[in-house]
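Undergrad: Just dropping this structure here.
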Amino acid sequence: MLLLDVNGVRQIEMTARVQLSLLLDAYEWASATGPYANAAYVSRESGQIWLVSDFDDMGEEPPEDVGDESLYATVPKKNELDLGRSLALRFADAQLPQYASQIRGFFSKPGAYAKFKDLLHAQGALEAWYAYESAGVQEALRAWAAENDLELVEEAR
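Residue numbers (the working numbering): 84 to 240.
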């Protein structure tokens with residue numbers, strides 16, 4: 084909570100709290116590819132997350148003003164956070180430097196991720212990639228949340 088004094092009038096600005104696991108789910112929802120477009124929104128006031136799809140005609144309807152950026156933050160998609168090619172190349176440079184140029188070559192042609200993952204599997208590095216990718220997603224979402232004045236909270240254990 085932030086107390087502001089604007090022109091002699093005290094105002095209280097609240098930072099919405101958002102559960103990290105729910106934000107991760109919303110990110111996955113928004114990033115999913117398929118025949119229908121998905122989007123996710125976080126209320127800047129309450130932290131409630133709304134999942135929206137072109138196909139979804141079930142469940143609770145989101146508020147009519149869900150597209151208002153002053154009230155809701157649009158959860159970014161994978162490509163908006165630069166978590167595709169560049170993350171894979173950073174992983175290659177850090178974990179498999181001997182294959183970095185080969186992996187860069189993969190990403191200059193279609194089918195890059197399949198080739199990338201095949202190489203990781205052959206080198207026994209697939210699980211390390213998944214952990215690196217997960218950490219990269221969490222780091223990017225933490226930065227996004229901070230930019231949007233959202234407080235991320237961990238689950239109680």
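Where a beta carbon is used, it is the ideal one built from N, C-alpha and C, also for glycine. No experiment lies behind these values; they were computed from the predicted model shown.
Considering only DSSP beta bridges, list what Q102 is partnered with.
TA: The count along the sequence shown starts at 1 and reaches residue 102 at position 19. According to DSSP, Q102 bridges with V236.
Undergrad: Check whether the Cβ atoms of V101 and Y124 lie closer than 9 Å to each other.
TA: Here the question's residue 101 lines up with position 18 in the sequence shown. Here the question's residue 124 lines up with position 41 in the sequence shown. Taking 9 Å as the Cβ cut-off, V101 and Y124 do not qualify as a contacting pair.
Undergrad: To the nearest angstrom, how far is the alpha carbon of W133 from that of L105?
TA: By 1-based counting over the sequence shown, the position of residue 133 is 50. By 1-based counting over the sequence shown, the position of residue 105 is 22. Computed Cα separation, rounded: 10 Å.
Undergrad: Using C-beta distances below 8 Å, list every residue in its chain close to I186, excluding the 5 sequence neighbours before and after it, in chain order.
TA: The count along the sequence shown starts at 1 and reaches residue 186 at position 103. Once the five neighbours on either side are set aside, the close Cβ partners of I186 are A171, L172, A175, L179, F199 and L202.
Undergrad: Return the first residue and the last residue of the alpha helix (DSSP H) that S184 is part of.
TA: Here the question's residue 184 lines up with position 101 in the sequence shown. Per DSSP, S184 belongs to the alpha helix (DSSP H) from A183 to F189.
Undergrad: List the whole-angstrom C-beta distance separating V158 from A211, where the pair is believed to meet the contact cut-off of C-beta under 8 Å.
TA: Position 75 of the sequence shown, counting from 1, holds the residue named residue 158. Position 128 of the sequence shown, counting from 1, holds the residue named residue 211. Rounded, the Cβ-Cβ distance is 27 Å, inconsistent with contact.
Undergrad: Which residue or residues does DSSP assign as beta-bridge partners of L134?
TA: Residue mapping note: residue 134 aligns to position 51 of the sequence shown, counting from 1. Looking at the DSSP assignment, L134 forms a beta bridge with A123.
Undergrad: Assuming contact is defined by CB atoms lying nearer than 9 Å, are L103 and V236 in contact in what I supplied?
TA: Translated into positions along the sequence shown, residue 103 becomes position 20. Translated into positions along the sequence shown, residue 236 becomes position 153. Yes.
Undergrad: Could you work out which residue in E230, Y119, P146 and P145 is closest to F138 when comparing CA atoms only?
TA: For this step, residue 138 is matched to residue 55 along the sequence shown. Checked all of E230, Y119, P146 and P145; the closest Cα to F138 is Y119.
Undergrad: Could you spell out where the alpha helix (DSSP H) holding A228 opens and where it closes?
TA: Reading the sequence shown from its first residue, position 145 is the one you call residue 228. Taken as a continuous stretch (DSSP letters only), the alpha helix (DSSP H) holding A228 covers L209 to E230.
Undergrad: Please report the residue range of the alpha helix (DSSP H) in which A115 lies.
TA: Within the sequence shown, the letter at position 32 stands for residue 115. No alpha helix (DSSP H) holds A115; DSSP gives it neither H nor E.
Undergrad: Measuring CA to CA, which of P193, S169 and K161 is closest to Q221?
TA: The residue you call residue 221 lines up with position 138 of the sequence shown. For the residues P193, S169 and K161, the minimum Cα distance to Q221 belongs to K161.
Undergrad: Counting along the chain, where does the alpha helix (DSSP H) carrying S169 start and finish?
TA: Walking along the sequence shown from the start, residue 169 turns up at place 86. Start and end: R168 to Q178.
Undergrad: Can you give the beta carbon distance from N231 to A156, rounded, assuming they're within the 8 Å contact cut?
TA: For this step, residue 231 is matched to residue 148 along the sequence shown. For this step, residue 156 is matched to residue 73 along the sequence shown. About 4 Å separates the two Cβ atoms, so the contact holds.
Undergrad: Any idea which residues DSSP pairs N197 with across the strands?
TA: Here residue 197 refers to the residue found at position 114 when the sequence shown is read from its first residue. Looking at the sequence provided, one finds Ala at residue 197 rather than Asn. Answer by DSSP bridge pairing: none, since A197 is not bridged.
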